[in-house]
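In my numbering, the protein residues as written are 1 to 387.
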């Protein structure tokens, strides 16, 4: 029941305000429009910080579900099957391509068209980050023997998983270098072996990326844990699952209360604002809609521990101090900021209504800055000033 009290109003408000302000800023856009950029920045900072901390929870959840739902993966042999399934398609690709290989194509390079910056950065990114495994050394049994063996085998497999399909693709196909973009290995698989190999490569790539994401999140989480245990970071970074969850919920509750307030203020100050979708309630009804979840959020905050209050207070203070620093950096032009005329404007003037900028698909998002500029030309200059 508590979930419904919070989820339904939140979903309805999100539907109304997302269609009213179809921009990537999301709730930051809503808060900035209702209360100005200062509070919009605070909302964005709180949500960003809680999102970063939230990432530490998902590796634990994923592995717990996997362990309980598929206990077979507790056995080493069972864990080898997904590994082989994700590596074999590239070996198969190499074998099938042998009759079509033309080794001289490996040596054909137009050095004038090589993007050396992109080449070396891509190669570096794909072949590094082995040190990430060290952050989980405390979780490994007998690391003095396990780590050397694991890293030796992993390096060999990774090098071969890149080298074999690259040699197969470049040696058997006449594809232009410009075609070798993200995801092109699937096309190479289709051209060499057919659709079945393409789908296999895609499935293997999906499994690989899932594993990379899990490894990255786990490595980052254990890195923070280790630094906390060494006294380099506050003890909150070594908190348990429940402690992190409580801290995240506290910041989330503050942000949601601000979103509810923005929703109501926009209804009062700008009743004529074009809303492609509107919650089917008048202002009073909309206020009553927000009341039960707001009370629930306040209750969650009141039940928080003193540790959560202190850490949340520190995050809030940091956000408050960061805003004037960034404004000063912007005014002094210490770094580049986007043009303010392209941002969502504060709606302090009830006579000013911003027409909706509807986006039919993802590609249309690139038109938003142009549309915003056209809209801004119809508004008073005062509305463009930073509050």
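We put the beta carbon where it would ideally sit given N, CA and C, even for glycine.
### Query
Contact check, residue 16 vs residue 174 under 8 Å by CB: the rounded distance?
Under the criterion of beta carbons closer than 8 Å, residue 16 and residue 174 do not qualify as touching, at roughly 53 Å.
### Message
Please state whether the Cβ-Cβ distance between residue 45 and residue 315 is less than 9 Å.
### Response
Yes, Cβ-Cβ distance for residue 45 and residue 315 is below 9 Å.
### Task
Could you check how far apart the C-beta atoms of residue 98 and residue 192 are, in whole angstroms? I think they sit under 8 Å.
So it is not a contact: roughly 10 Å between Cβ atoms.
### Message
Excluding the 5 residues flanking residue 87 on each side, which residues of the same chain have their C-beta closer than 8 Å to its C-beta?
### Response
Taken in chain order, the residues that qualify are 157, 161 and 204.
### Task
Put residue 152 into one of helix, strand or coil per three-state DSSP.
Here residue 152 carries a helix assignment [DSSP, helix/strand/coil].
#### Entry: Nearest neighbour of residue 169, chosen from 185, 159 and 154 [CA to CA]
Ranking the options by Cα distance to residue 169, first place goes to 185.
### Message
Under 8 Å: do the segment 332 to 340 and the segment 294 to 309 share three or more Cβ pairs, one atom per stretch?
### Response
Note that the segment 332 to 340 does not touch the segment 294 to 309; fewer than 3 beta-carbon pairs, one per stretch, sit closer than 8 Å.
#### Entry: CB-CB length for residue 246 against residue 304, believed under 8 Å
With a Cβ gap of about 6 Å, residue 246 and residue 304 count as contacting.
#### Entry: residue 136 (DSSP reduced to helix, strand or coil)
Taken through DSSP and simplified to helix, strand or coil, residue 136 comes out as helix.
### Query
Can you give the Cα-Cα distance for residue 143 and residue 119, rounded to whole angstroms?
Spanning the alpha carbons of residue 143 and residue 119 requires a straight line of approximately 35 Å.
### Query
Taking DSSP as the reference, what is the three-state secondary structure of residue 175?
Coil, per DSSP.
### Query
For residue 246, which of helix, strand or coil comes out of DSSP?
Correct three-state label for residue 246: helix.
### Message
Closest to residue 290 by C-alpha separation, out of 320, 54, 318 and 256, would be which residue?
### Response
Nearest option by C-alpha distance: 256.
### Query
Helix, strand or coil: how does DSSP classify residue 54 here?
In this structure, residue 54 counts as helix in the three-state DSSP scheme.
### Task
List the whole-angstrom C-beta distance separating residue 266 from residue 33, where the pair is believed to meet the contact cut-off of C-beta under 8 Å.
With 8 Å as the limit, residue 266 and residue 33 qualify as a contact, their Cβ atoms being about 7 Å apart.
### Task
Please report how far the alpha carbon of residue 214 lies from the alpha carbon of residue 61, in whole angstroms.
Here the C-alpha atom of residue 214 lies approximately 11 Å from the C-alpha atom of residue 61.
### Close-in-space but distant-in-sequence residues of the same chain around residue 200 (CB under 6 Å, 5 per side omitted)
Cβ within range, chain order: 89.
### Task
Please report how far the alpha carbon of residue 235 lies from the alpha carbon of residue 227, in whole angstroms.
Straight through space, the alpha carbons of residue 227 and residue 235 are spaced by roughly 9 Å.
### Message
Along the chain, where does the alpha helix (DSSP H) containing residue 332 start, and where does it finish?
### Response
Following the DSSP letters along the chain, one finds residue 332 in no alpha helix (DSSP H), marked with neither H nor E.
### Query
Can you tell which of 338, 54, 93 and 100 has the C-alpha that lies nearest to the C-alpha of residue 195?
It is 93 whose Cα lies nearest to the Cα of residue 195.
### Query
Do residue 30 and residue 263 have their CB atoms nearer than 9 Å?
Yes, the pair counts as a contact, with Cβ atoms nearer than the cut-off.
### Query
Comparing the CB of residue 228 with every heavy atom of the ligand MG, is any distance shorter than 8 Å?
Here there are no bound small molecules, and the ligand MG is not part of this structure.
### Message
Just to confirm, is the Cβ distance from residue 172 to residue 100 under 9 Å?
### Response
Contact: yes.
#### Entry: Nearest residue (CA-CA) to residue 250, options 223, 306 and 268
If we check each option's Cα against that of residue 250, 306 comes out closest.
#### Entry: Integer Cβ distance of residue 132 from residue 219, believed to fall under 8 Å
Confirmed, Cβ separation roughly 4 Å.
### Message
Quick check on the DSSP output: the alpha helix (DSSP H) that includes residue 196 runs from which residue to which?
### Response
Annotation: the continuous alpha helix (DSSP H) that includes residue 196 extends over 195 to 229.
### Query
Does the Cβ of residue 189 have 16 or more other Cβ atoms within 10 Å, making it buried, or fewer, making it exposed?
Buried: at least 16 other Cβ atoms inside 10 Å.
### Query
From 103, 308, 260 and 283, pick the residue whose C-alpha is nearest to that of residue 388; which is it?
Not covered by the structure: residue 388. The range shown for the chain is 1 to 387.
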